[in-house]
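Visitor: Below: one structure in structure tokens.
There are 2 protein chains.
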Amino acid sequence: MTITITAFEKSPDGGKGLARDTRVRWALEEVGQPYDVRLVSFKALKEPAHLVLHPFGQIPTYEDGGLALFETGAIVFHIATHYPGLLPVDGNARARAITWIFAAINTVEPPILDLGNARMLEADKPWSAERLPMVMDRVRDRLGQLSRHMGSSEWLEKDFSAGDLMMASVLLRARGSGLLDEYPNLAAYVARGEARPAYQRAFAAQWAVNKR
Amino acid sequence: MTITITAFEKSPDGGKGLARDTRVRWALEEVGQPYDVRLVSFKALKEPAHLVLHPFGQIPTYEDGGLALFETGAIVFHIATHYPGLLPVDGNARARAITWIFAAINTVEPPILDLGNARMLEADKPWSAERLPMVMDRVRDRLGQLSRHMGSSEWLEKDFSAGDLMMASVLLRARGSGLLDEYPNLAAYVARGEARPAYQRAFAAQWAVNKR
């Protein structure tokens with residue numbers, strides 16, 4: 028059986044690695060599992076063949092034999108529980124690492140997604156200039172709290188985990204706005220994530236698709 | 028050892044059960060675990076004693092002996108993996124149920140949170156009337172996809188799971204806007220969740236706190 032994931036035929040970010048398949052590629056590289064990629068066009072995302080796999084018409088999906096999953100967090104979690112390397116073995120440390128997966132996608136990512144919507148979908152609206160600073164401040168609230176919590180720590184808990192993989196991936200999406208660099212310890216944390224050989228391989232793989 | 032969770036001393040919703048401690052109470056009731064509740068004031072949420080437990084200054088938290096967790100999704104997941112009743116035992120069915128936990132909080136909830144912000148934090152802004160329909164349509168996109176996927180199914184997968192607990196809890200937050208009732212199968216799904224004795228007990232417990 029081979030693991031097969033889906034990715035954009037052409038990512039909206041042009042290969043910056045911000046599409047969510049990068050998170051899954053990174054996880055698979057960390058645990059050393061080979062995988063195939065099936066590229067999906069924007070049109071095909073909304074067609075029945077893909078909606079059977081992903082009810083919300085997005086990428087990535089994950090197929091392995093009889094198992095079909097969607098939702099990046101769930102896929103990364105599945106990889107982390109099935110292959111060693113992304114979660115501590117000890118029960119309490121493991122639960123803490125899993126907590127950070129959820130914190131990344133449910134507490135830190137929502138205001139960053141909202142900022143993305145404000146900068147892209149609503150950039151031409153009459154309220155854009157007045158509303159944007161408010162949306163940016165909501166992102167700052169979360170980044171400030173995370174920055175104070177992390178201090179000079181290398182990772183969120185003792186060792187790198189799937190929680191860091193998700194948090195660094197979420198924070199990467201705030202870099203383009205300039206907000207990440209307002210928090211030097213978070214910018215350095217993300218850079219440590221990007222420096223990992225597994226991330227480098229994942230980034231290169233998605234880049235190769237988008238720069239064909 | 029007793030499980031201790033935190034909840035608002037006075038919930039912003041006045042006892043409608045939309046604060047996130049209800050999700051954790053519901054999970055504990057489903058698996059039949061008793062728990063203590065420590066109530067936290069808005070002021071105390073941002074003070075060091077609470078920030079040690081929850082870096083983002085929110086409720087709920089979860090303490091059990093030497094383990095301290097935050098983030099509702101992580102807590103519900105922890106309960107579901109440590110006590111039987113909220114996740115299938117079979118590997119593939121289990122992974123599918125977990126997928127729905129993530130889909131609830133990372134795909135369906137973000138536009139609903141954004142709608143909450145638009146209706147509360149931005150209600151007095153000059154752009155509110157023009158922007159609100161756009162935000163509501165983003166919620167409709169997700170509810171429509173979920174509605175088509177569910178059809179006449181009773182639960183998201185074969186049996187009720189932690190995925191349904193999270194999805195129904197997320198959808199409850201869309202009811203006040205009238206959007207949930209635009210999708211009768213989703214409204215009926217949420218009503219099935221609310222009818223569960225464990226939900227009833229959880230709701231009553233948070234109601235008792237907020238109606239003192």
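Just so you know, the sequences run in chain order A and B. Mapping to our numbering: the first sequence position 20 is 47, numbers consecutive. Mapping to our numbering: the second sequence position 119 is 146, numbers consecutive. Built from N, CA and C at the ideal position, the CB exists for glycine as well. Note that the structure is predicted; figures quoted are calculated from it, not measured.
1) Between the Cα of A:M177 and those of B:K37, B:R219, B:H81, B:Q60, spot the shortest distance and give me the residue it belongs to.
2) Counting only beta-carbon separations shorter than 8 Å, does B:F129 have a partner in chain A?
3) A:D42 touches chain B at which residues, Cβ-Cβ below 8 Å?
4) Using a Cβ cut-off of 7 Å, which residues of the stretch 36-66 of chain A contact any Cβ in chain B, in chain order?
5) Of all the CB atoms in chain A, is at least one closer than 8 Å to the CB of B:W154?
6) Pull up the distance between the alpha-carbon of B:R223 and that of B:A201, whole angstroms please.
7) State the Cα-Cα distance for the pair A:L170 and B:P75, rounded to the nearest angstrom.
8) When the Cα atoms are used, what is the spatial distance from B:A130 to B:A124?
9) Compare the beta carbon distance of B:I128 and B:G190 with 8 Å and say whether it is the shorter of the two.
10) Return yes when the Cβ of A:E36 is within less than 8 Å of the Cβ of A:V67, no when it is not.
11) Please classify B:L113 as buried or exposed, where buried requires at least 16 neighbouring CB atoms within 10 angstroms.
12) Could you work out which residues of chain A lie near B:T134, taking near to mean beta carbons separated by less than 8 Å?
13) Specify whether the stretch 197-213 of chain B and the stretch 226-237 of chain A touch according to this definition: at least 3 beta carbon pairs, one from each stretch, less than 8 Å apart.
14) Excluding sequence positions up to five away, which residues of its chain have a Cβ less than 7 Å from the Cβ of B:K73?
15) Mind checking the stretch 209-224 of chain B against chain A and listing, in chain order, the residues whose C-beta falls within less than 7 Å of any C-beta there?
16) Under 8 Å between the Cβ atoms of B:G100 and B:M193?
17) Using a Cβ-Cβ distance cut-off of 8 Å, determine whether B:A198 contacts chain A.
18) Taking C-beta pairs closer than 8 Å, name the residues in chain A that B:L241 reaches, listed in chain order.
19) How would you list, in chain order, the residues of chain B whose beta-carbon sits under 7 Å from the beta-carbon of A:T126?
20) A:G93 CB to nearest chain B CB: under 8 Å?
21) Please report how far the alpha carbon of B:S174 lies from the alpha carbon of B:D164, in whole angstroms.
22) Residues of the stretch 167-191 of chain B with a CB closer than 8 Å to any CB of chain A: list them in chain order, please.
Guide: Taking the definition as stated:
1) One-based indexing of the first sequence puts residue 177 of chain A at position 150. Comparing alpha-carbon positions, the option among B:K37, B:R219, B:H81, B:Q60 lying closest to A:M177 turns out to be B:H81.
2) Here the question's residue 129 of chain B lines up with position 102 in the second sequence. Residue contact with chain A for B:F129: present (Cβ-Cβ distance below 8 Å to some residue of chain A).
3) Mapped onto the first sequence, residue 42 of chain A falls at position 15. First, the amino acid is wrong: residue 42 of chain A is Gly here, not Asp. Chain B residues near A:G42: none, gap ~23 Å exceeds 8 Å.
4) Here the close residues number zero.
5) Working through the second sequence from its first residue, we reach residue 154 of chain B at position 127. At least one CB of chain A lies nearer than 8 Å to the CB of B:W154.
6) Working through the second sequence from its first residue, we reach residue 223 of chain B at position 196. Working through the second sequence from its first residue, we reach residue 201 of chain B at position 174. Put simply, the backbone Cα of B:R223 is about 20 Å away from that of B:A201.
7) Here the question's residue 170 of chain A lines up with position 143 in the first sequence. Here the question's residue 75 of chain B lines up with position 48 in the second sequence. If you take the alpha carbons of A:L170 and B:P75, they lie about 17 Å apart.
8) Taking the first residue of the second sequence as position 1, residue 130 of chain B is located at position 103. Taking the first residue of the second sequence as position 1, residue 124 of chain B is located at position 97. Rounded to whole angstroms, B:A130 to B:A124 spans 10 Å at the Cα level.
9) Taking the first residue of the second sequence as 1, we reach residue 128 of chain B at position 101. Taking the first residue of the second sequence as 1, we reach residue 190 of chain B at position 163. By the CB criterion at 8 Å, B:I128 and B:G190 fall inside the cutoff.
10) Mapped onto the first sequence, residue 67 of chain A falls at position 40. Mapped onto the first sequence, residue 36 of chain A falls at position 9. In this structure, A:V67 lies near A:E36, with their beta-carbon atoms less than 8 Å apart.
11) Taking the second sequence and counting its residues from 1, one reaches residue 113 of chain B at position 86. With 16 or more other CB atoms across the displayed protein chains lying within 10 angstroms of its CB, B:L113 is buried.
12) Start at 1 with the first residue of the second sequence, and residue 134 of chain B comes out as number 107. Per Cβ cutoff of 8 Å: F83, Q85, E98.
13) Contact between the stretch 197-213 of chain B and the stretch 226-237 of chain A is absent, because fewer than three Cβ pairs lie under 8 Å.
14) Here the question's residue 73 of chain B lines up with position 46 in the second sequence. Within its own chain, the residues whose Cβ lies closer than 7 Å to the Cβ of B:K73, once the five positions on either side in sequence are excluded, are G84, listed in chain order.
15) Of all residues in the stretch 209-224 of chain B, none has a Cβ within less than 7 Å of some Cβ in chain A.
16) Within the second sequence, numbered from 1, the residue matching residue 100 of chain B stands at position 73. Within the second sequence, numbered from 1, the residue matching residue 193 of chain B stands at position 166. For B:G100 and B:M193, yes; Cβs fall inside 8 Å.
17) As a working note, residue 198 of chain B is residue 171 in the second sequence. It is worth fixing the name first, because residue 198 of chain B is Leu in this sequence and not Ala. So, not an interface residue.
18) Absent from the model: residue 241 of chain B. The displayed extent of chain B is 28 to 239, so no value can be given.
19) The sequence position of residue 126 of chain A within the first sequence is 99, counting from 1. Neighbours of A:T126 in chain B, taken as residues whose beta carbon is under 7 Å from its own, are L96, F97, E98, A101 in chain order.
20) Locating residue 93 of chain A in the first sequence gives position 66, where the first residue counts as 1. Interface with chain B (8 Å Cβ-Cβ cutoff): A:G93 is included.
21) Locating residue 174 of chain B in the second sequence gives position 147, where the first residue counts as 1. Locating residue 164 of chain B in the second sequence gives position 137, where the first residue counts as 1. Each residue's alpha carbon lies about 15 Å from the other.
22) Within the stretch 167-191 of chain B, R169, Q172, L173, R175, H176 place their CB atoms closer than 8 Å to a CB of chain A, listed in sequence order.
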